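Chains as they are written, first to last, in this note's numbering: chain A, 69 to 78; chain B, 12 to 225. Think of the CB as a built atom: it goes at the ideal place given N, C-alpha and C, for glycine as much as any other residue. Please read all numbers here as calculations on a predicted model, not as lab measurements. To keep things clear, I will list the structure first and then write my remarks on it.
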Amino acid sequence: YGCDAVHDEL
Amino acid sequence: MNIFRLFGDLSHLAAIAILLLKIWKTRSCAGVSGKTQLLFAVCFITRYIDLFLHFVSLYNTEKVMKLIYISASVFTCYLIFFKFKATYDGNHDSMRAEFLIVPAAGLACLINTKFDAIEILWTFSIYLEAVAILPQLFLISKTGEAETITSHYLFAQGSYRALYILNWIYRYHYESHVDTIAIVAGVVQTILYCDFFYLYITKVVKGQKIVLPA
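So, in structure tokens, the structure goes:
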């Protein structure tokens with residue numbers, strides 16, 4: 069939901 | 012996940028562990044910039060703010076790594092500013108952190124992928140991380156030397172983002188994935204280590220200590 073975490077790196 | 016990113020994260024973990032061990036074993040944070048550690052703690056908190064917003068079960072390693080980074084950096088700051096405060100070299104740790112935080116915050120508001128709170132915090136964290144090591148490098152230039160263990164810490168810390176650059180090249184080539192802001196900031200960050208890398212490779216590897224021309 070909501071957070072389309074574009075940044076998938078640490 | 013690719014080999015470069017894996018070794019990048021391992022190198023980052025190693026750097027955090029080396030610094031913690033150095034401070035804990037020698038019971039001293041001489042030669043360590045408290046400001047740099049504060050800036051890193053701010054980077055982790057602003058970058059992983061999602062951990063606090065909607066708690067996701069800790070099953071995947073990424074969440075665990077984020078928690079390790081945040082807790083280890085906060086604990087390092089605690090050791091420097093509280094437990095071993097007497098050994099903190101405040102006089103030489105004199106670079107104005109505001110000169111790094113304010114421009115990073117300003118730039119994050121100007122150049123970002125999406126103008127929303129989480130994204131701006133992430134962008135701020137990326138820009139701040141690029142320059143967060145400067146107080147530490149400044150301190151070494153002021154004291155004119157770096158303990159060998161601190162040099163290893165810096166080498167691991169610098170290598171982590173250098174390996175990430177290889178990871179980004181890999182992901183561009185194989186996954187056509189590009190995160191321009193992270194890449195530009197990562198390149199700047201790694202360039203700041205260049206002269207240290209030169210000193211590390213030519214000196215520390217041969218067992219000598221890094222002593223800068225006073």
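(message) On the criterion of 16 or more Cβ atoms from any shown chain inside 10 Å, does A/TYR69 qualify as buried, or is it exposed?
(response) Here the model assigns A/TYR69 a pLDDT of 37, short of 50, so the residue's position is not dependable and the matter cannot be decided.
(request) Compare the beta carbon distance of B/ILE27 and B/ALA83 with 8 angstroms and say whether it is the shorter of the two. (result) The answer is yes: Cβ separation under 8 angstroms.
(message) Using a Cβ-Cβ cutoff of 9 angstroms, what residues of the region 71-101 of chain B are near chain A? List them in chain order.
(response) Cβ contacts with chain A: GLU73, MET76, LYS77 and TYR80.
(message) Give me the residue from B/ALA157, B/THR87 and B/ILE144 with the minimum Cα distance to B/LEU111.
(response) The residue with the shortest Cα to Cα distance from B/LEU111 is B/ILE144.
(request) Starting from B/ARG172, follow the alpha helix (DSSP H) in both directions and report where the run begins and ends. (result) Looking at the DSSP string, the run of the alpha helix (DSSP H) that includes B/ARG172 is 159-186.
(request) Just confirm the distance between the C-beta atoms of B/ALA141 and B/ALA196, as a whole number of angstroms; I'd bet it's less than 8 angstroms. (result) Their Cβ separation, rounded to whole angstroms, is 4 angstroms, which keeps B/ALA141 and B/ALA196 in contact under 8 angstroms.
(request) Find the nearest neighbour of B/LYS46 within the set B/PHE149, B/ILE29 and B/TRP133, judged by alpha-carbon distance. (result) It is B/PHE149 whose Cα lies nearest to the Cα of B/LYS46.
(request) Could you list which residues in chain E have their beta carbon closer than 7 angstroms to that of B/ASP20, in chain order? (result) Among the protein chains of the structure shown, namely A and B, there is no chain E.
(message) Pairs of beta-carbons, one from the region 167-182 of chain B and one from the region 190-206 of chain B, closer than 8 angstroms: are there three or more?
(response) Yes, since at least three Cβ pairs between the region 167-182 of chain B and the region 190-206 of chain B fall closer than 8 angstroms, the two stretches touch.
(request) May I have the straight-line CA-CA distance separating B/SER39 from B/TYR99, to the nearest angstrom? (result) C-alpha of B/SER39 to C-alpha of B/TYR99: approximately 8 angstroms in a straight line.
(request) Please report the Cβ distance between B/PRO146 and B/ASP104, rounded to the nearest whole angstrom; I am assuming they are in contact, meaning their Cβ atoms lie under 8 angstroms. (result) Confirmed, about 6 angstroms.
(message) Here's the rule: buried if 16 or more other CB atoms are within 10 angstroms of the residue's CB, otherwise exposed. What is B/TYR209?
(response) Within a 10 Å sphere around the beta-carbon of B/TYR209 sit fewer than 16 other beta-carbons, which makes this residue exposed.
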